[in-house]
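Colleague:
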Amino acid sequence: MRASYWHWFAIITLTYSLTGRATQGNDWQKDWWLVSLNPQQTAPQWWVGEAASAPAKVPIGSLWKLYVYNYSLALDLPDKPYQCHAGRHAKVGDEYCCSQDETITRDIALARSCGAYFEPQRLRIDARQWQQYWQRNVPEIKWLAQLENIQPQTQSSVHDILLSLNRLSANSIKHTRKALLGRILQPQWSALLPHLGGAYRFKTFTWVHPQYKGAYFGGAAGWLADGTAFWVGGTGSSKVVIENAAPLIAEKLPIKGQSQQSFDEECVAVHYFKRYPIQTVTRLSQRGADSTKVTSGALQGQYAVKFSNGNALQIISDGELSLTQRGNALQLWGKLSMQEYVARVLDREGDATKTEAAKALSIAARSYVYQNAHFHLGCWQIDDDSRKQRVSPNPASVRASQVVGFTEDLSLVGSPIYFHQNQTKPNTLNWQHAVNRAALGDDYLALLHEAYPNASWRLNNQAQQCQRLPQAELYLRQSFPQAKQHLREVKGVEVVQGLKVCQLDYGNPYADQHSTSIYVRDWRSENDRVTLWHEYLHLALRYHPNGHDEALIEQNARRLASQLSLGKYTSSTKRKIRAAQ
5 MRASYWHWFA IITLTYSLTG RATQGNDWQK DWWLVSLNPQ QTAPQWWVGE
55 AASAPAKVPI GSLWKLYVYN YSLALDLPDK PYQCHAGRHA KVGDEYCCSQ
105 DETITRDIAL ARSCGAYFEP QRLRIDARQW QQYWQRNVPE IKWLAQLENI
155 QPQTQSSVHD ILLSLNRLSA NSIKHTRKAL LGRILQPQWS ALLPHLGGAY
205 RFKTFTWVHP QYKGAYFGGA AGWLADGTAF WVGGTGSSKV VIENAAPLIA
255 EKLPIKGQSQ QSFDEECVAV HYFKRYPIQT VTRLSQRGAD STKVTSGALQ
305 GQYAVKFSNG NALQIISDGE LSLTQRGNAL QLWGKLSMQE YVARVLDREG
355 DATKTEAAKA LSIAARSYVY QNAHFHLGCW QIDDDSRKQR VSPNPASVRA
405 SQVVGFTEDL SLVGSPIYFH QNQTKPNTLN WQHAVNRAAL GDDYLALLHE
455 AYPNASWRLN NQAQQCQRLP QAELYLRQSF PQAKQHLREV KGVEVVQGLK
505 VCQLDYGNPY ADQHSTSIYV RDWRSENDRV TLWHEYLHLA LRYHPNGHDE
555 ALIEQNARRL ASQLSLGKYT SSTKRKIRAA Q
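Here the working numbering is used: the first residue of the sequence shown is 5, the next is one more, and so on.
1) Going straight from the alpha carbon of Ser300 to that of Ile320, what length do you get?
2) Would you identify the three-state DSSP class for Gln468, choosing helix, strand or coil?
3) If we ignore side chains and look at the alpha-carbon of each, how far apart do Arg116 and Glu106 end up?
4) Among the residues of its own chain, which have a CB less than 7 Å from the CB of Pro124, if the five just before and after it don't count?
5) Could you check if Phe567 is buried or exposed, using at least 16 other CB atoms within 10 Å of its CB as the buried criterion?
6) First and last residue of the alpha helix (DSSP H) that includes Ser242?
7) What is the rounded straight-line gap between the Cα of Leu564 and the Cα of Arg472?
8) Tell me whether the beta-carbon of Leu41 lies closer than 8 Å to the beta-carbon of Ala224.
9) Around the Cβ of Lys110, are there at least 16 other Cβ atoms within 10 angstroms (buried) or fewer (exposed)?
10) Would Tyr121 count as contacting chain C if we go by Cβ distances under 8 Å?
11) Can you give, in chain order, each stretch of the alpha helix (DSSP H) that sits fully within the region 352-400 and has at least 4 residues?
12) Expressed to the nearest angstrom, what Euclidean distance is found between the alpha-carbon atoms of Leu185 and Ser529?
13) Would you list, in sequence order, the uninterrupted alpha helix (DSSP H) runs of no fewer than 4 residues that lie entirely inside the region 420-447?
14) Rounded to the nearest angstrom, what separates Arg579 and His552 at their Cα positions?
15) Out of Val524, Arg181, Tyr547 and His199, point me to the one whose CA is closest to Arg205's CA.
16) Kindly list the residues whose CB is nearer than 7 Å to the CB of Phe484, restricted to its own chain and excluding five residues on each side of it in sequence; keep chain order.
17) Cα-Cα, which of Ile129, Cys88 and Ile259 is closest to Asp80?
18) What separation, rounded to the nearest whole angstrom, lies between the Cα atoms of Ala47 and Leu444?
19) Taking the beta strand (DSSP E) that Ser529 falls in, what are its first and last residues?
20) Using only alpha-carbon positions, find the residue among Lys429, Lys339 and Glu269 that is nearest to Tyr276.
21) Which same chain residues end up closer than 8 Å to Lys429 when comparing Cβ atoms and leaving out the 5 residues on each side of it in sequence?
22) Taking its Cβ as the centre, do 16 or more other Cβ atoms sit within 10 Å of Gln406, making it buried, or is it exposed?
23) Please say whether Ala302 and Gly323 have beta carbons closer to each other than 8 Å?
24) What does a CB cutoff of less than 6 Å around Phe122 pick up in its chain, not counting 5 residues either side in sequence?
25) Quick check on Lys278: does DSSP put it in helix, strand or coil?
26) Within the continuous beta strand (DSSP E) that includes Glu269, where are the two ends?
27) Go ahead and label Ile332 buried or exposed: buried means 16 or more other beta carbons lie within 10 angstroms of its beta carbon, across all protein chains shown.
28) Looking at the structure shown, is Ala131 part of a helix, part of a strand, or coil, going by DSSP?
29) Which residues in the same chain as Leu252 place their Cβ atom closer than 7 Å to its Cβ, once the five residues preceding and following it in sequence are excluded?
30) Tell me whether Pro124 sits in a helix, a strand or coil according to DSSP, three-state version.
31) Give me the DSSP bridge partner(s) of Asp322.
32) Please classify Lys592: does DSSP put it in a helix, a strand, or coil?
33) For Arg43 and Lys84, I'd like the C-alpha separation in whole angstroms.
34) If you draw a straight line from the alpha carbon of Gln425 to that of Ser396, how long is it in whole angstroms?
35) With a CB to CB cut of under 7 Å and the five nearest residues on each side skipped, what residues in its chain are close to Ala78?
36) So is Tyr523 buried or exposed if we call it buried at 16+ other beta carbons inside 10 Å?
Written as structure tokens, this is what we have:
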């Protein structure tokens, strides 16, 4: 990236009206286009506007940052945080990255469209490697292979932009979509949430109009959850174009059912009917029940579940449900994606045809999992229980999947999250009240704000969500050599690299294996240190079968908490620990 870029952008920002032609009557409706391309298509679908009326080439604007981001992911380049400054110490362009001095990581930089982070020279991107990567993945697009073209004034056909997005790996698209959720959750984009929810992930762009002097050309490009790439662009800034276009984007590119979701990898393990002992499970056929009863294994097909209290229920499974036997007790488990889980909660606890209330309930149900489920073996573990939230054992309805697809990844923090069928309590979504309010015109955002006035959006992959407990980290790090001596008979124990201990506001303590983070409320009492060591051992044993042995982990956590107390520290260290809390 040439050093003059940010200076040039600042001059353009002062020269042109940000709204351009977009505010002149209804002209903007004649000057914008919505186009999509899924991996199975050979030609783009023009939903709004025609290819013949669109500019042959459009500026890529800030989309250059999207290409640098995905290149960095594909080559596994290290995240190189950018030191952003505000006020008199700010560099040109820092105003787009931060409002106070802070360190900007890659995902946050993409969500904020922080160009300073992605400058190829700062990231030491090799031009030859860049060329080889894009020639290998998108040989049809010549301009993309040249690193000097990675700047906002570069122009491309809409077809080539969509093709380049479709050629990225599924893993890259998944990570990019998660980072881009932070874009739409920024306060300045809140007007889009009623129309687009969390389903439409995009990178915005604004640059000089290719046809009209004195106007901007803005819009966005990104993906739906099924991998469909879309591009929207027109006369005006990105904010003007997208806010005007949002209702039609939702209409022309509607959310499909859960079977179309491609990037949801979060897992929820559900213990069904925990409070209701199962007597028998029998496979059903078209002619009735088979003669043999099922006692273990994955379930495929239709089954009759009979409970010890005499009640019975029919269920359908496509392998996501399994039966285990512990002694004489039968246990039914489900392993679901987060989207499927929330949709089944919606079918069980609400009514997906009550659209706005259902959106609010789906966000509450997802938030409840993050706050109260236990993360173990790569899955959130939770019971199907009226004291928690009930989950249908049958596949989610299409309508519930569509609602949950709309609210994809949206969840709340900063407040306890509960819901009830018909009771109004603090921090509780009253389902019937929500249905009534929605009938009077309230959207899901208003319903959530009324139920959870102190809550805010949970942002994925942003370090600010972890309020670090540095002295707890120090305690574990300094105690581990002694701990390993106590654990010498336990196979598979490894030191946890990059460990973070985070303050837990609500819900159950847990260990996140993906980020090697432990979430606890406190750690200074012996009972709290049992919890701390318990979650640490889950991480230390995550590559060994012993990491699945809850009894072994709990026994050793108690032993370590007792033998490696704060008394092992010097008095000065104790004072520092107490002061840090």
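Heads up, the beta-carbon is just placed ideally off N, CA and C, and yes, glycines get one too. Every value quoted in this text rests on a predicted model; they were computed, and no experiment measured them.
Modeller: In this structure, then:
1) 16 Å
2) For Gln468, the predicted structure reports a pLDDT of 38, less than 50, and the residue's modelled location is therefore unreliable. The matter cannot be settled from this model.
3) Near 13 Å, if we compare the C-alpha coordinates of Glu106 and Arg116.
4) Met5, Val72, Leu151 and Ile154
5) Note that residue 567 is Gln in the sequence shown, not Phe. So Gln567 ends up on the exposed side.
6) Ser242 to Lys256
7) 22 Å
8) It is not a contact, given that the beta carbons lie outside the stated cut-off.
9) Rather than Lys, the amino acid found at residue 110 in this sequence is Arg. Buried, since its Cβ has 16 or more Cβ neighbours within 10 Å.
10) The chain inventory of the structure shown lacks chain C, comprising one protein chain alone.
11) 359-376
12) 38 Å
13) 435-443
14) With a pLDDT of only 37 at Arg579, under the threshold of 50, the placement of this residue in the model should not be trusted; the figure read from the coordinates follows. Rounded to whole angstroms, Arg579 to His552 spans 37 Å at the Cα level.
15) Arg181
16) Val499
17) The residue with the shortest Cα to Cα distance from Asp80 is Ile129.
18) 43 Å
19) Unbroken run through Ser529: none, as it is neither H nor E.
20) Lys339
21) Tyr422
22) Burial call: buried.
23) yes
24) Lys69 and Val72
25) coil
26) Element bounds for Glu269: n/a, residue is neither H nor E.
27) Residue identity check: residue 332 is Asn in the sequence provided, not Ile. Asn332 should be labelled exposed.
28) helix
29) Leu38 and Val52
30) helix
31) Gln304
32) With the chain covering only 5 through 585, there is no way to say anything about residue 592.
33) Residue 43 is actually Pro in this sequence, not Arg. Rounded to whole angstroms, Pro43 to Lys84 spans 32 Å at the Cα level.
34) 16 Å
35) Short of 7 Å from the beta carbon of Ala78, and not among the five residues preceding or following it, lie these beta carbons of its own chain, in chain order: Tyr137, Ser173 and Ser176.
36) buried
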